[in-house]
Amino acid sequence: MMKIKITTICLLAILAVTSCNTKEGSDEDSAEDSTAMAEETMTDVASISISPVTNSPEFNDSMLEMNSPSESAELKPGTVNFDFNVKNYTLASQTPDADIKNCANSDKGQHIHLILNNEPYTAHYEAQFEKEMEEGHYVALAFLSRSYHESLKNPDAYVIRQFTVGDVDAEPADLTQPHMFYSRPKGEYSGANTKKVLLDFYLLNTDLSAEGNKVRATINDETFLIDKWQPYFIEGMPMGENTIKLELIDSDGNVISGPFNTVERTITLTE
């Protein structure tokens, strides 16, 4: 916002100087020159905006169940088997409105997002798969995703679980507390996919409201307060690297304590 305010002040000064300079030409010529300067100046102002994503198919009866790893499992490092049940939802098919969403879309179709310890997710198009895992304690969040990576937020479409890989001494996370998990944006976007970039996150044990908890999204140096849990489109980001920081905050603007409630990622936009 500060950039925009400074530019506006400079623009007013330009208009004032130009309107007073009548020695070089007529008032009409001065007005035309001022308009051209104003348009050029406004073109240079980078303006990032976010807007709600609307009318996505809801799949309200979809369900995701996790067979393995089991809760509190103690696994060996190396290959870990993941096994899910998916009901009333078809993996590896295109979401019906994918061709009109005008954002990045997986040509492999609908999938499961698996997030381990709030690190970048991996996408899985089958209900059974393997992952190579190192020693550590893991909080695993999995949820069903549309083909354009928008999460299903109905209460049966996700599962969260903790388990340990290897001989480690770790304190389990308190999953009864409010938590926020980062999903999108992720990675690199090119061409038309840079115009509208999906912002999506997953909440646990909390709601958002104008008077209560919120998500503070800082995109480069611009900040947005989000008081409704839904996906958003980011528009107006410049080419190159962009930084997205999400924080789960209380009504006073303080970050809510938790291992996942502040996260920052860098994405890249290319022509």
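If you count by this note's numbering, then the sequence shown holds residues 4 to 274, one letter each, in order.
Glycine is no exception: its CB is placed at the ideal position from the N, C-alpha and C atoms.
* **Integer-rounded CB distance, given that ASP230 should sit under 8 angstroms from LEU202** => Locating residue 202 in the sequence shown gives position 199, counting from the first residue. Locating residue 230 in the sequence shown gives position 227, counting from the first residue. Contact flag wrong, Cβ pair sits at about 14 angstroms.
* Asked: Going along the chain, which unbroken runs of the beta strand (DSSP E) with 3 or more residues stay wholly within the stretch 134-200?
  -> 139-148, 161-168, 182-187 and 191-193
* **Segment contact, 8 angstroms Cβ cut-off, at least three pairs: the stretch 147-154 with the stretch 87-104** => Cβ pair count under 8 angstroms is three or more, so yes.
* Same chain, Cβ closer than 6 angstroms to SER52, five either side skipped, listed in chain order -> To locate residue 52, count along the sequence shown from 1; it is residue 49. Here the set comprises GLU238 and GLY239.
* Coarse secondary structure for ILE51, derived from DSSP in three states -> Against the sequence shown, residue 51 aligns to sequence position 48. Here ILE51 sits in coil by DSSP.
* Backbone secondary structure at ALA220 - three-state DSSP -> For the purposes of this step, residue 220 is taken as residue 217 along the sequence shown, with counting starting at 1. In the structure shown, ALA220 sits in a strand (DSSP, three-state: E or B).
* Three-state secondary structure (DSSP) at ALA76? -> Counting from 1 along the sequence shown, the entry for residue 76 is found at position 73. Here ALA76 sits in coil by DSSP.
* Asked: Is ARG149 closer than 7 angstroms to GLN113 when the C-beta atoms are compared?
  -> Numbered from its first residue, the sequence shown carries residue 113 at position 110. Numbered from its first residue, the sequence shown carries residue 149 at position 146. Yes.
* Asked: Between HIS127 and the rest of its own chain, which residues show a CB-CB distance below 7 angstroms, the 5 nearest in sequence each way excluded?
  -> On the sequence shown, position 124 is the one that residue 127 refers to. Excluding residues within five positions, the ones whose Cβ falls inside 7 angstroms are HIS114, ILE115 and LEU117.
* Just the C-alpha distance for GLU274 and ALA76, rounded to the nearest angstrom, thanks. => To locate residue 274, count along the sequence shown from 1; it is residue 271. To locate residue 76, count along the sequence shown from 1; it is residue 73. Rounded to whole angstroms, GLU274 to ALA76 spans 45 angstroms at the Cα level.
* Cα separation between ILE252 and PRO80? -> Counting from one through the sequence shown, the residue named residue 252 turns up at place 249. Counting from one through the sequence shown, the residue named residue 80 turns up at place 77. When rounded, the distance between both Cα atoms is 36 angstroms.
* To do: Have a look at MET242, PRO181 and SER109 and flag the residue whose alpha-carbon is nearest the alpha-carbon of GLY261.
  => As a working mapping, residue 261 is identified with position 258 in the sequence shown. Residue PRO181 is the option with its Cα nearest to GLY261.
* To do: Report the partner residues of ALA126 according to the DSSP bridge assignment.
  => Residue mapping note: residue 126 aligns to position 123 of the sequence shown, counting from 1. DSSP output for ALA126 lists HIS116 as bridge partner(s).
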